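These protein sequences, in sequence, are chains U and A. Note that the first sequence covers residues 1 to 352 in the UniProt record's numbering. Note that the second sequence covers residues 1 to 352 in the UniProt record's numbering. Inspection log for the structure reproduced underneath, given as structure tokens.
Number of protein chains: 2
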Amino acid sequence: MVPKVVFGQGSFDQLQSILSPERKSKSPFIFLVDDVFIGNNELIDRINLRFNDKLIFVSADEEPKTIQVDQIVKDIKAEFTYRPSGIVGIGGGSILDLSKAVSIMLTNKGSASDYQGWDLVKNKALYHVGVPTISGTGAEVSRTTVLTGPVKKLGINSDFTPFDQVILDPDLTKGVPRNQWFYTGMDCFIHCVESLNGTFLNAFSQSYGEKAYDLCKEIFLDSSLSEEESRAKLMMASWHGGMSIAYSQVGVAHAMSYGLSYVLGTKHGIGNCIVFNHLEEFYKDDVILFKEMVAKHNIDIPQGLCKNLTQQQMDTMIDIALSLVPLWENAIGDNWETVITREKLASMYRKM
Amino acid sequence: MVPKVVFGQGSFDQLQSILSPERKSKSPFIFLVDDVFIGNNELIDRINLRFNDKLIFVSADEEPKTIQVDQIVKDIKAEFTYRPSGIVGIGGGSILDLSKAVSIMLTNKGSASDYQGWDLVKNKALYHVGVPTISGTGAEVSRTTVLTGPVKKLGINSDFTPFDQVILDPDLTKGVPRNQWFYTGMDCFIHCVESLNGTFLNAFSQSYGEKAYDLCKEIFLDSSLSEEESRAKLMMASWHGGMSIAYSQVGVAHAMSYGLSYVLGTKHGIGNCIVFNHLEEFYKDDVILFKEMVAKHNIDIPQGLCKNLTQQQMDTMIDIALSLVPLWENAIGDNWETVITREKLASMYRKM
């Protein structure tokens, strides 16, 4: 788990005092910042770079890739003689996942793709801090960093992946576009549904999952919350939802959404929504609830993405989805292969 | 926060594999174990001592004291040439708090009483592991270790206090006597009430506090849970309740219960119940709920403890209670001193 966290409006201003004891002589802090903040001087000025610190803007337009991690690591190594004091990720799930991966790859050899899987990382990662600017992914608390590699979309799951420090400042999520706010919030809701309905569930995950689920219902269906309360609660929902799946597993929506994302580059949050919209068969009541939320907030869920896929694209999508064995085991149970055939997946994808 | 946790029935059997990477040559692990387990070979055999590891049985009959910490530290230093690999606490809140304090005092000079307060600890504590065998105190997750010293009852609150690893095995709480199960469970319930009704509340603490509160209601008022489910859920309630107060504060019940404990040696769990039973003025609905729980489980809450106190005893009790300024600020607000006078406290104590 993340060993240190601060929470609260304005807590982002504690950043430099938090970093200070971790700063090593001649070693910069590297700030990986979502490029939506280019020109946002209010935020950038508050980062307050010191000595040879470096700020790198990173695009989150595409899902994070292992080659992107490798390139950032190569650039940092080329520019600085000394290993950095640490990595600070400021952004959404993509930027946070990239930051975790970069901090791992600065102390481990080879390519990020070598470590996609479970517990393959050898050395402790560089000190790394996460500052989420959108809520829902749970990337701020998870022990994974989901990356698209040359042959698979899979996380680097390890004890060294979680951030050493997280700063939860709900004010940083002001100004997130409405659709993105919804899609990313639904990532959290779907985490909870999949965790709570999974066969891997235990009382630990259940208690976190139930709290995040309740918070999501409050945020997305109850109109009485102020904007400020809603932002703070969604930040906590994301946190608890991430904790819930850290000790259980996700399910059908994530498995199928990974396939979408690998073949079509669909972003994770919207991909989950596109898939979940068609999962009445697996999560009936929660899909009804989801559709209520979609209607209430007048959100557009894309349709017909897979109508014109080539056979090869469809095969790849199915391969990717089927490769996520623990997700299917969690969702369906040991006999999942009798239920989830290639034909079944193809017919489900064609509806999306 | 605690960076590593395992959860689940039987997870206690992972103890040695968890300790193994932390074991240093010639350096023992010291196991501080509640002396209720003397003769309980089923548990003791599972600890599986290796090399020069040492098991010390510790009584939890009295609240933990700074001189007790100092004595254990002195004994360990006298017996072993090398600093231990780590401390493993196996027991209730008292044993867990002692274990945290011993691990701090093995790397910091002086007496434990020098560090009662906030952020006074200089050096990182020795690696320490917590294994709760009763649920409710939140000691397994908190950043404090509450100790009675020569002049005060106050915690060692520091970033170095939390355990490095916690093992949550609900099966270890089998066989806890019914009254103690209730009193300790109510410690959690009262944490939540005080945190949720406090002026220091934020969305972080609120989300944890609400979950623990809901779990307590389910455990103590709903008869449909199995014993096994109830044990697992109470372990999680304790965890979330501890997290809730880590980021907020407790209130009236804890302040007054510290006074009782200091003067009369009343144990923390039962002391909280004795006090809370008379706090309708501050926590009306929750005191009603508490009385329902007491009635449902046919629990005896002692009465008349303070009837025959000497004036000096009463003065000390009031001094201790009044010294806990942050608790009163949280419960009542900045103007607490106009509400909580010595006369007010005396009249409240006399009812208990």
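Note that the Cβ used here is the ideal one computed from N, Cα and C, for glycine as well. These numbers come from a predicted model, not from an experiment.
CB contact flag (residue i, residue j, <8 Å)
i: Thr-66 (chain U); j: Ser-103 (chain U); result: no
i: Pro-21 (chain A); j: Asn-52 (chain A); result: no
i: Tyr-115 (chain U); j: Ile-156 (chain U); result: yes
i: Lys-291 (chain A); j: Leu-221 (chain A); result: no
i: His-254 (chain U); j: Asn-277 (chain U); result: no
i: Gly-198 (chain U); j: Gly-241 (chain U); result: no
i: Ile-340 (chain U); j: Ile-332 (chain U); result: yes
i: Asp-97 (chain U); j: Ser-158 (chain U); result: no
i: Ser-323 (chain A); j: Ser-244 (chain A); result: no
i: residue 355 (chain U); j: Gln-9 (chain U); result: Chain U is shown only over 1 to 352; residue 355 (chain U) falls outside these bounds and no answer can be derived.
i: Phe-12 (chain A); j: Leu-147 (chain A); result: no
i: Ile-301 (chain U); j: Ile-274 (chain U); result: yes
i: Val-58 (chain A); j: Ile-95 (chain A); result: yes
i: Tyr-262 (chain U); j: Thr-316 (chain U); result: yes
i: Val-121 (chain U); j: Val-88 (chain U); result: no
i: Ala-203 (chain U); j: Lys-4 (chain A); result: no
i: Lys-54 (chain A); j: Ile-30 (chain A); result: yes
i: Ile-219 (chain U); j: Gly-185 (chain U); result: yes
i: Lys-267 (chain U); j: Glu-79 (chain U); result: no
Contact set between residue i and chain A, taken where Cβ atoms lie within less than 9 Å
i: Lys-65 (chain U); result: Residues of chain A passing the Cβ test: none, with the nearest at roughly 29 Å.
Bridge partners - residue i, DSSP secondary structure assignment
i: Phe-163 (chain A); result: The partner list for Phe-163 (chain A) (beta bridge, DSSP) is empty, contrary to what the question assumes.
i: Asn-277 (chain U); result: Answer is none; Asn-277 (chain U) lacks a bridge partner.
i: Leu-168 (chain A); result: A:Phe-7
i: Lys-267 (chain A); result: Beta-bridge pairing links Lys-267 (chain A) to no other residue.
i: Trp-118 (chain U); result: U:Asn-157
i: His-254 (chain U); result: In DSSP, His-254 (chain U) forms no bridge with anything.
i: Val-129 (chain A); result: A:Val-88, A:Gln-165
i: Phe-29 (chain A); result: A:Gly-86
i: Thr-173 (chain A); result: For Thr-173 (chain A), which the question treats as bridged, DSSP gives no partner whatsoever.
i: Phe-182 (chain U); result: Its beta-bridge partners do not exist; DSSP assigns none.
i: Val-58 (chain U); result: U:Asp-34
i: Lys-65 (chain A); result: A:Thr-148
Neighbour list for residue i in chain A, Cβ cutoff strictly below 8 Å
i: Leu-215 (chain U); result: Ser-207
Chain U contact residues for residue i, given Cβ-Cβ distances below 7 Å
i: Pro-3 (chain A); result: Met-1, Pro-3
Residue i versus residue j: straight-line alpha-carbon distance, rounded
i: Asn-308 (chain U); j: Tyr-349 (chain U); result: 11 Å
i: Trp-181 (chain U); j: Ile-134 (chain U); result: 7 Å
i: Met-235 (chain A); j: Gly-136 (chain A); result: 7 Å
i: Asp-187 (chain A); j: Ser-17 (chain U); result: 35 Å
i: Ile-38 (chain U); j: Ala-246 (chain U); result: 32 Å
i: Ser-142 (chain U); j: Pro-132 (chain U); result: 13 Å
i: Ile-288 (chain U); j: Leu-201 (chain A); result: 34 Å
i: Ala-346 (chain A); j: Ser-205 (chain A); result: 31 Å
i: Tyr-82 (chain U); j: Arg-50 (chain U); result: 16 Å
i: Gly-269 (chain U); j: Ser-238 (chain A); result: 33 Å
i: Pro-177 (chain A); j: Ser-230 (chain A); result: 15 Å
i: Asp-75 (chain A); j: Trp-328 (chain U); result: 54 Å
i: Ser-224 (chain U); j: Asn-40 (chain U); result: 31 Å
i: Leu-15 (chain A); j: Ile-47 (chain A); result: 7 Å
i: Lys-24 (chain A); j: Gly-149 (chain A); result: 33 Å
i: Glu-281 (chain A); j: Asp-34 (chain A); result: 37 Å
i: Gly-117 (chain U); j: Gly-93 (chain U); result: 19 Å
Neighbouring residues, chain A, relative to residue i (Cβ below 7 Å)
i: His-240 (chain U); result: Ser-207
i: Ala-253 (chain U); result: The premise fails here: Ala-253 (chain U) is roughly 24 Å from chain A at the closest Cβ pair, so nothing lies under 7 Å.
Residues that residue i contacts on chain U, provided the C-beta gap is smaller than 8 Å
i: Tyr-247 (chain A); result: Phe-7
9 Å Cβ cut-off: residues of chain U touching residue i
i: Lys-152 (chain A); result: Neighbours of Lys-152 (chain A) on chain U: none; closest Cβ ~28 Å, over 9 Å.
i: Lys-211 (chain A); result: Ser-207, Tyr-208, Glu-210, Lys-211, Asp-214, His-240
For this session: Could you list the residues in the region 225-236 of chain A with a C-beta less than 8 Å from some C-beta on chain U, going in chain order?
Result: For the region 225-236 of chain A, which is checked against every Cβ of chain U, the residues closer than 8 Å are Glu-229, Ala-232, Lys-233, Met-235, Met-236.
Exercise. If contact means a Cβ-Cβ distance below 7 Å, which residues of the region 94-123 of chain U contact chain A?
Worked result: Those residues of the region 94-123 of chain U that come within reach of chain A (Cβ to Cβ, closer than 7 Å) do not exist; the list is empty.
Problem set entry | Short-range partners of chain A found in the region 42-75 of chain U, where Cβ spacing is below 9 Å | The region 42-75 of chain U vs chain A, Cβ under 9 Å: nothing.
Exercise. Using a beta-carbon distance cut-off of less than 8 Å, what residues from the region 188-204 of chain U approach chain A?
Worked result: If the cut-off is 8 Å between Cβ atoms, the region 188-204 of chain U has Asn-202, Ala-203, Phe-204 near chain A.
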